[in-house]
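Those letters in the sequence shown? Residues 0 to 273, per numbering that gives the first Met the number 0, in order.
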Amino acid sequence: MTTTLAAPLPSTLRIGLARGGLEIRQFFREKDAVIFTFTLPAFLLLMLGFIFDEPLDGFPGTTVSQIFAASMIAYGILSTAFLSVGTGIAADREDGTLKRLHGTPVTATAYLIGKVLLVMVTTAAEIALVLGVGAVVFDLELPTDAGRWVTFGWLFALSVIACTLFGIAVSGLVRSAKSAAAVLNLPVLALQFVSGIFVDIASLPETMVKIASVFPVKWMGQGFRSVFLPDELAAQEVAGQWEHGRIALVLGAWCVAGLVLALATFRWNDRRTA
Numbered sequence: 000m001t002t003t004l005a006a007p008l009p010s011t012l013r014i015g016l017a018r019g020g021l022e023i024r025q026f027f028r029e030k031d032a033v034i035f036t037f038t039l040p041a042f043l044l045l046m047l048g049f050i051f052d053e054p055l056d057g058f059p060g061t062t063v064s065q066i067f068a069a070s071m072i073a074y075g076i077l078s079t080a081f082l083s084v085g086t087g088i089a090a091d092r093e094d095g096t097l098k099r100l101h102g103t104p105v106t107a108t109a110y111l112i113g114k115v116l117l118v119m120v121t122t123a124a125e126i127a128l129v130l131g132v133g134a135v136v137f138d139l140e141l142p143t144d145a146g147r148w149v150t151f152g153w154l155f156a157l158s159v160i161a162c163t164l165f166g167i168a169v170s171g172l173v174r175s176a177k178s179a180a181a182v183l184n185l186p187v188l189a190l191q192f193v194s195g196i197f198v199d200i201a202s203l204p205e206t207m208v209k210i211a212s213v214f215p216v217k218w219m220g221q222g223f224r225s226v227f228l229p230d231e232l233a234a235q236e237v238a239g240q241w242e243h244g245r246i247a248l249v250l251g252a253w254c255v256a257g258l259v260l261a262l263a264t265f266r267w268n269d270r271r272t273a
C-alpha cells in the first residue's frame with residue numbers, strides 16, 4: 000500500500016509575494032482609482048507650486064515651489080499607504096472579502112507583505128510623476144550623486160513600510176467602510192500642515208513642531224528634502240541640519256510599532272458579523 004504525501008504549503012514570504020502581485024493587478028484594473036491615486040500629489044504640487052513660485056529668501060537659485068516638490072513625496076506616500084490602504088481594507092472586511100480570504104493559506108503576515116508591495120509599486124509611480132512635474136515645471140534638479148539616491152532608497156522603504164502598517168492597524172479600528180475615509184482623512188491632512196509639507200516648517204509654532212516630531216511625516220519630508228535640495232537648505236530645518244541618523248531611527252521605530260499594532264488589531268471579519 001502506497002501513501003501519498005501532501006505537498007507542503009508555500010512559505011509565508013512566497014504567499015506574500017504572490018499576494019502582492021495579485022494586489023497590484025487588481026489595483027491597475029480600477030482605472031479611476033489609478034488616475035486619482037497617481038495624479039493627486041502632482042496636482043497639489045502644481046497648485047501650491049504656482050501659488051508660491053517665488054525665490055527663497057537668502058538662497059538664490061532655489062524657489063519655494065522646489066521645496067514643495069521635494070516635500071510632496073511624503074504626502075504621496077502617506078495618502079496611499081495610510082489612507083488608501085486603510086480605507087480599502089475596511090471595505091474588504093465589510094463586504095466579506097477578507098473572511099473568504101481567511102479560508103485560504105494566506106496568513107496575516109503574508110497579507111501584510113502583499114499590501115506593502117502594492118504600496119511600494121504605486122508610490123514609486125506617484126513619486127516619478129511628482130519628480131517629473133517638479134523637474135519640468137519648477138526646475139527641480141534631480142541628484143547626480145549616487146549617495147543621495149541611496150538615501151532616497153532607505154527613506155522610501157522605511158516610509159512605505161511604516162505608513163502601510165499603520166494604515167492596516169487603523170483599518171481595524173474604524174467602524175465601517177463608509178466612515179473610514181472621513182476618519183482617516185483628518186490625521187492625514189493635519190499631519191501635512193504640522194509636519195511642514197504644505198507650509199514652511201520653520202514658520203510653525205514650537206508646540207506644533209514638537210507634536211509633528213513624534214510622527215513620521217515630519218521626518219519623511221525632511222529626509223526627502225535632503226535628497227533633492229542643496230545641502231545649504233538644511234539651515235531651513237528646525238535643527239539646522241538634515242539629521243539622517245535621527246530620521247532613520249524614528250522611521251525604524253515607527254516600522255516596528257506599526258508591525259506590532261497591525262498584527263494586534265488586524266481582523267479578518269467585520270465586528271458586526273463576527
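The C-beta atom is built at its ideal place from N, Cα and C for all residues, glycine as well. All of these numbers come straight from a predicted model, not from anything done at the bench.
- For P40, the enclosing alpha helix (DSSP H) begins and ends at K30 to I50.
- One Cα belongs to L82, the other to Q65, and the distance between them is close to 25 Å.
- Pairing L228 with A73 gives a Cβ-Cβ distance that is not under 8 Å.
- DSSP places T61 outside both helix and strand once states are collapsed to three, so it counts as coil.
- By the criterion of a C-beta distance shorter than 7 Å, F192 is surrounded in its chain by V198, once the five residues flanking it on both sides are discounted.
- Annotation for G131: no residue places its beta carbon closer than 6 Å to its own, counting only its chain and skipping 5 residues before and after.
- Contact between the stretch 84 to 97 and the stretch 155 to 171 is present: three or more C-beta pairs spanning the two stretches fall below 8 Å.
- Comparing alpha-carbon positions, the option among I14, L190, T150 and L188 lying closest to G244 turns out to be T150.
- Taking a C-beta distance under 8 Å as the contact criterion, L157 and C254 qualify as a contact pair.
- Cβ neighbours of L183 within its own chain (closer than 7 Å, five residues either side excluded): F81, L82, G85, T86 and V169.
- With a cutoff of 8 Å on beta-carbon distance, L39 and L190 are scored as not near each other.
- For V249 and W218, the gap between their C-alpha atoms comes out near 8 Å.
- Counting the other Cβ atoms within 10 Å of the Cβ of P204 gives fewer than 16, which makes it exposed.
- With 16 or more other Cβ atoms inside 10 Å of its own Cβ, V129 counts as buried.
- Contact between I167 and L111 holds: their C-beta atoms lie close to 6 Å from each other, under 8 Å.
- No residue range can be given for H101, since it is assigned to no alpha helix (DSSP H) and is classified by DSSP as neither H nor E.
- Counted as a single uninterrupted DSSP element, the stretch harbouring A80 is not any alpha helix (DSSP H), since DSSP gives it neither H nor E.
- When DSSP states are grouped into helix, strand and coil, P142 belongs to the coil group.
- A straight-line Cα-Cα distance of about 16 Å links D144 and L154.
- Around the C-beta of I160, 16 or more other C-beta atoms lie within 10 Å, and the residue is accordingly described as buried.
- Ranking E231, F223 and T79 by CA distance to the CA of P59 puts E231 first.
- Taking C-beta separations shorter than 8 Å and ignoring five residues to either side along the sequence, the partners of N268 in its chain run R92, L97, K98 and H101, following chain order.
- When DSSP assignments are scanned along the stretch 139 to 193, the uninterrupted stretches of alpha helix (DSSP H) that are 4 or more residues long and fall wholly within it turn out to be 145 to 170 and 176 to 193.
- Going by C-alpha positions, A109 is about 9 Å away from A17.
- With 16 or more other Cβ atoms inside 10 Å of its own Cβ, Q221 counts as buried.
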